[in-house]
Amino acid sequence: MYVRNAWYVAGWASEFDDNLKRVTVLEEHLVMYRIDAHTVIALEDRCPHRLMPLSKGKRIGNDIQCGYHGMTFNCEGACVRVPGQENIPASAFVHAYPVKQKNDIVFIWMGDHEQMNEDLIFDMPEFNSENWHVHQGDALHLKANYLNVAENLVDPAHVSFVHPTTLGNAASENVPVHVDTQGEVLVAWRWIRNAEPVGFFQKFGNFNGHVDRWHYYYLHLPSIAVIDFGSAAVELNLKEEERDHGVRIFALHFLTPVNQHYTIDRWMHIRNTALNDESASEQMDAMFRVAFAEDKAILEAIEEQEKLPQKRKPIRLAIDKGPTVYRRRIRDMADQENTDVADEPVRSSFIYHE
Ligand code: FES
Ligand SMILES: [Fe+2]
């Protein structure tokens, strides 16, 4: 179950160079390569002659020559040469996918060309603000379905139990989660007031006493999550709209569904503290790696269980409203694409996490 009319992340900008690279998104194999600092090309990775992957061919300028009999395709996927004959058959082409590089992230449009809209590419004002430090992390490979991975990213309740040394602690175990599913972005959040700082903020907050801590999980359908979390000294009695006055960090997760059982989660962070301090970036990366390895262990264990015959349906708890609505929306969006998609609403290109 995939939503096709969406921009998915094919990689960080740094992952693409002159070389032909095979990338798989929504079970489609693509050959991708860079032709200049701002432009990455994506073509179907399958020669229309004998199905040879074009990623095993070679570049001739900006074109690709198939490694089997030399048919050559340009950046638009049109065949420009068939060795040994003059005419080029009408069916000699490969599909070309729209690709856009923005904020050093390479996005690919997997749906109908007529529906493609660059205004839908994910963006946040913090990407280009001198008050924020942007840092790309890793590509986490999970043997798990992307819906389960996304559910985990609209689920603040697991943090107390899965990430006890970094992002959570016991103080939050019984704090209820609020969920807002009215808007286009699903939001789940909670505040833990007057508690010990968690490991992450003991390290990066310089707090002496108790803090107010927040966790806002924004899920941008179909596959991008922004986790806004932070802490502030209790004495500030911070209001919801004053989070910028605390130590505030956005952890962004760009999920690329490779197939039904494999997802790549490219994560990065944007923070309002330790600006231009690369050693802080590395230390944060190290803590995130600990936390996300904990998520990976959970999600891969669940995937194994899901493959087994099921005797009864999983139960749903009060904390599951976000994940439940998420799955329903994905199903509706995928269904909608198979019927009438002409009236798709246009979102603004900037997303504010108020
Ligand atoms: S398989 Fe590509 S040219 Fe024959
Ligand atoms: Fe987690």
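The sequence shown lines up with residues 186 to 539 when you count with my numbering.
We put the CB at the ideal spot given by N, CA and C, even for glycine.
By the neighbour-count definition (other C-beta atoms within 10 Å, threshold 16), serine 314 is an exposed residue. The Cβ atoms of glycine 246 and alanine 373 do not sit closer than 8 Å to each other.
Applying a distance threshold of 5 Å between residue Cβ atoms and the heavy atoms of ligand 1 selects Cys232, His234, Arg235, Met237, Cys251, Tyr253, His254 and Met256, given in chain order. The C-alpha of asparagine 337 is placed about 38 Å away from the C-alpha of cysteine 232. In terms of CA proximity to histidine 234, Gly255 leads the group Gly255, Thr224 and Leu215.
Just measuring C-alpha positions, the residue of Ala198, Glu427, Glu539 and Glu212 sitting nearest threonine 224 is Ala198. In this structure tyrosine 537 is exposed. Its beta-carbon is surrounded by fewer than 16 other beta-carbon atoms within 10 angstroms. Excluding residues up to 5 positions away in sequence, Ile412 and His454 lie with their Cβ nearer than 6 Å to the Cβ of alanine 436 in the same chain. Asparagine 259 and alanine 227 have their alpha carbons spaced roughly 11 Å apart. Just measuring C-alpha positions, the residue of Arg398, Pro407 and Arg451 sitting nearest glutamate 427 is Arg398. At least one heavy atom of ligand 2 is found less than 7 Å from the C-beta of aspartate 480. Using a Cβ-Cβ distance cut-off of 8 Å, the segment 457-473 and the segment 365-382 are not in contact, since fewer than three pairs of beta carbons, one from each stretch, lie closer than that value.
Around the beta-carbon of aspartate 202, fewer than 16 other beta-carbon atoms lie within 10 Å, marking it exposed. The DSSP-derived three-state label of tyrosine 511 is helix. Relative to histidine 348, the option among Val383, Phe439 and Phe389 whose CA is nearest is Val383.
The closest heavy atom of ligand 2 lies less than 7 Å from the beta carbon of asparagine 337. 8 Å or more divides the Cβ of histidine 280 from the Cβ of proline 341. Leaving aside the five residues that flank glutamate 261 on each side, the residues in its chain whose CB is nearer than 7 Å to its CB run, in chain order, Ala281.
Distance from the C-beta of valine 347 to the nearest heavy atom of ligand 2 is below 7 Å.
Under DSSP, isoleucine 487 takes part in no beta bridge, so it has no partner. The distance from the Cβ of threonine 441 to that of tyrosine 193 is about 6 Å, consistent with a contact at the 8 Å cut-off. The segment 478-493 makes contact with the segment 314-333; the number of CB pairs closer than 8 Å reaches 3 or more.
A residue is called buried once 16 or more other Cβ atoms fall within 10 Å of its Cβ, and lysine 206 is buried on that count. Per DSSP, glutamine 495 lies in no alpha helix (DSSP H) segment and is marked neither H nor E.
If you check the C-beta of valine 432 against ligand 2, you find no heavy atom less than 7 Å away. Unbroken beta strand (DSSP E) stretches of 3 residues or longer found wholly inside the segment 241-306: 243-245, 248-250, 264-266, 284-287 and 290-294, given in chain order.
The beta strand (DSSP E) runs of length 3 or more contained entirely in the segment 186-242 are, from start to end of the chain, 192-197, 206-210, 213-221 and 224-229.
Across the structure, phenylalanine 389 and glycine 415 are spaced so that their CA atoms are roughly 10 Å apart. Inter-residue distance for histidine 446 and arginine 456 is about 32 Å (C-alpha atoms, whole angstroms). Taking a C-beta distance under 8 Å as the contact criterion, leucine 325 and phenylalanine 439 do not qualify as a contact pair. Judged by their CB atoms, serine 240 and valine 210 are not nearer to each other than the 8 Å cut-off.
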